[in-house]
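The numbering of the sequence shown is our numbering, which starts it at 109 and goes up by one.
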Amino acid sequence: MDRGDDVKKIMNSSYLKWGVTAFAVIAGSICFFYLIFHASTLGAAMGKFLRLLMPILFGFGIAYLLTPVLNFTEQRILSPLADKIKIRESSKRNRIVRGIGIILTCCFVVAVVYLIFAMLISQIVPSIRNIASNADAYIENLVEWVQSLIKENPSFSGYANELFQECSSELENWFNDTALDKIGALIKMLSFGIFNTMNVLWKFIVGFVISIYVLASKERFAGQAKKITYAVFERDTASAVIRNFRFTHKTFIGFMSGKILDSFIIGVLCFAGTSIIGTPYAALVSVVIGVTNVIPFFGPFIGAIPCGILVFVVDPMHPLNCLYFVLFIFVLQQFDGNILGPKILGDSTGLSGFWVIFAITLFGGLLGVPGMIIGVPVFAVIYAAVRTLVNSALGNKKMAQETEKYVQLDYVGSDGVYHQNMGRR
Numbered sequence: 109m110d111r112g113d114d115v116k117k118i119m120n121s122s123y124l125k126w127g128v129t130a131f132a133v134i135a136g137s138i139c140f141f142y143l144i145f146h147a148s149t150l151g152a153a154m155g156k157f158l159r160l161l162m163p164i165l166f167g168f169g170i171a172y173l174l175t176p177v178l179n180f181t182e183q184r185i186l187s188p189l190a191d192k193i194k195i196r197e198s199s200k201r202n203r204i205v206r207g208i209g210i211i212l213t214c215c216f217v218v219a220v221v222y223l224i225f226a227m228l229i230s231q232i233v234p235s236i237r238n239i240a241s242n243a244d245a246y247i248e249n250l251v252e253w254v255q256s257l258i259k260e261n262p263s264f265s266g267y268a269n270e271l272f273q274e275c276s277s278e279l280e281n282w283f284n285d286t287a288l289d290k291i292g293a294l295i296k297m298l299s300f301g302i303f304n305t306m307n308v309l310w311k312f313i314v315g316f317v318i319s320i321y322v323l324a325s326k327e328r329f330a331g332q333a334k335k336i337t338y339a340v341f342e343r344d345t346a347s348a349v350i351r352n353f354r355f356t357h358k359t360f361i362g363f364m365s366g367k368i369l370d371s372f373i374i375g376v377l378c379f380a381g382t383s384i385i386g387t388p389y390a391a392l393v394s395v396v397i398g399v400t401n402v403i404p405f406f407g408p409f410i411g412a413i414p415c416g417i418l419v420f421v422v423d424p425m426h427p428l429n430c431l432y433f434v435l436f437i438f439v440l441q442q443f444d445g446n447i448l449g450p451k452i453l454g455d456s457t458g459l460s461g462f463w464v465i466f467a468i469t470l471f472g473g474l475l476g477v478p479g480m481i482i483g484v485p486v487f488a489v490i491y492a493a494v495r496t497l498v499n500s501a502l503g504n505k506k507m508a509q510e511t512e513k514y515v516q517l518d519y520v521g522s523d524g525v526y527h528q529n530m531g532r533r
């Protein structure tokens, strides 16, 4: 027997398999022990590692978001143009189309960012400056409104004075005991925040440069990912993983792009409507309404409440202005929820209203505002995965997969008959 047969015999030995299994169990136990008792150290190391990778992550994220723009530019503009001028399909043509497409995509992004900042500087910044410069006048208007309210309701005067004295005392105590002591910490925190903002901005710029390289070779990256998937998993499992990734991509991109378009239209309609009804600071209010509308369900309330307060504080002697604004926002959100939103988004998530609220609450609590934005598409993917697993398990048991079959179900007999109980709710 030669050396090759000896090696094959050893590799097929049950003792070797048991040894490898035992080693894996021991190594896993050690890793689990370290994870439990050194979680803070591991978390700090992971945090440092992620901070180092942040520009790369930004690059892949930006490339992912810009892929639909690049695909549209190549497939709808550049490729038809190349066909029209009789440039034959070749690798050289594809490289030229890709290069021009990336340039046009970058120009589009820069133009959008420029327009946003131009609007902010020309419309929003003067509005904010005007609010700050007229703050004393707005406070005087509010005080006059309170005084007129007290004058018209004498019984309310004693309660209002008591409440005012209590609030003044609490505010004075807070300022003397807390605010003065924390000014140094506040300045330090503000400086640290500015430094972090500049650091994130720099990483974002580096990530934007990296995204250009990712876009240039996105098909190769996708091919490498598929190659690794088929190398690691069995063929059927790998195919299922790739299908699930395609579903995730379709759900996420479809929802986010649709929601951004929907919010942009709502912001434009809000500006037109508030300009017509004479709402003060229409541009500022419309930007707030449009941006917060990206957050499903809670977004309209998050944007409308502070804007309504601003409209009221500007002129409290005419509360109908605030009422007209609130009614307009209510009508606008009804239009968005029942007509515009379904027209743009369709049933891209497949979630009911309850699960939308659940997803926003859960991911908002975990990740804050970004979690509220991405929570719905992420949970839609999780929901679809669980639904697939449940339906697959029921299919293996030769049982019905339709939820309606189980709404009035009492029990399933041993013969497979579904017994309904129509009297139980």
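Idealized CB from N, CA, C, for every residue including glycine.
Contact with chain D by residue i, beta-carbon distance below 8 Å
i	result
SER299	Here there is only one protein chain, and chain D is not present.
Alpha-carbon to alpha-carbon, residue j and residue i
i	j	result
PHE166	PRO478	15 Å
ILE336	ARG354	16 Å
PHE443	PHE180	29 Å
LEU174	THR213	7 Å
LEU75	SER137	Nothing can be reported for residue 75: it is not among the residues displayed for the chain, which extend from 109 to 533.
ARG495	PHE157	35 Å
ILE373	GLU274	46 Å
PHE406	PHE462	13 Å
LEU497	ILE452	29 Å
ALA467	ASN238	39 Å
GLY521	PRO408	49 Å
CYS430	PHE420	5 Å
ILE134	LEU143	14 Å
MET507	SER347	25 Å
THR345	HIS357	18 Å
GLY375	LEU392	10 Å
PRO427	VAL314	49 Å
ILE193	VAL205	13 Å
PHE225	GLY445	29 Å
PHE363	VAL349	21 Å
GLU252	ASP423	11 Å
ASN249	THR469	38 Å
GLY503	THR511	13 Å
LEU178	VAL218	14 Å
THR305	LEU298	10 Å
SER199	LEU228	43 Å
ARG184	ALA324	18 Å
VAL128	VAL221	56 Å
ALA412	ILE385	16 Å
CYS378	GLY473	29 Å
ASN536	SER383	Only positions 109 to 533 of the chain appear in the structure, and residue 536 is not among them; the question remains open.
CYS215	ALA333	29 Å
Beta-carbon spacing of residue i, residue j below 8 Å
i	j	result
VAL322	PHE140	no
THR387	PHE433	yes
GLN509	GLN528	no
GLY458	PHE471	no
ILE481	PRO176	no
ASN352	ALA493	yes
PHE303	GLY381	no
CYS415	VAL399	no
GLY301	ASP370	no
ILE195	ARG203	no
LYS326	PRO163	no
LYS505	TYR526	no
Span of the beta strand (DSSP E), counted from its first residue to its last, around residue i
i	result
TYR389	From DSSP, TYR389 is part of no beta strand (DSSP E); its letter is neither H nor E.
VAL520	517–520
GLN528	526–528
Residue i burial status per 10 Å Cβ neighbour count (16 or more: buried)
i	result
ASN401	buried
LEU439	Per the sequence presented here, residue 439 reads as Val, with Leu not at that position. Classification for VAL439: exposed.
GLN441	buried
VAL486	buried
THR418	Note that residue 418 is Leu in the sequence shown here, rather than Thr. Per the 10 Å Cβ criterion, buried.
SER394	buried
GLY209	buried
LYS367	buried
TYR389	buried
GLU182	buried
Endpoints, alpha helix (DSSP H) assigned at residue i
i	result
GLY449	449–453
GLY458	From DSSP, GLY458 is part of no alpha helix (DSSP H); its letter is neither H nor E.
VAL422	407–422
GLY331	326–340
ILE195	Run containing ILE195: none; DSSP gives neither H nor E here.
ARG495	477–504
ILE437	427–443
Query raised in the report: Counting pairs of beta carbons, one from the stretch 301–319 and one from the stretch 170–180, are three or more of them closer than 8 Å?
Result: Judged by Cβ distances under 8 Å, the stretch 301–319 makes contact with the stretch 170–180, as three or more pairs qualify.
Requested in this report: Tell me, please, whether the stretch 186–198 touches the stretch 338–352 by the rule of three or more beta-carbon pairs shorter than 8 Å.
Outcome: Between the stretch 186–198 and the stretch 338–352 there are fewer than three inter-stretch CB-CB distances shorter than 8 Å, so the stretches are not counted as touching.
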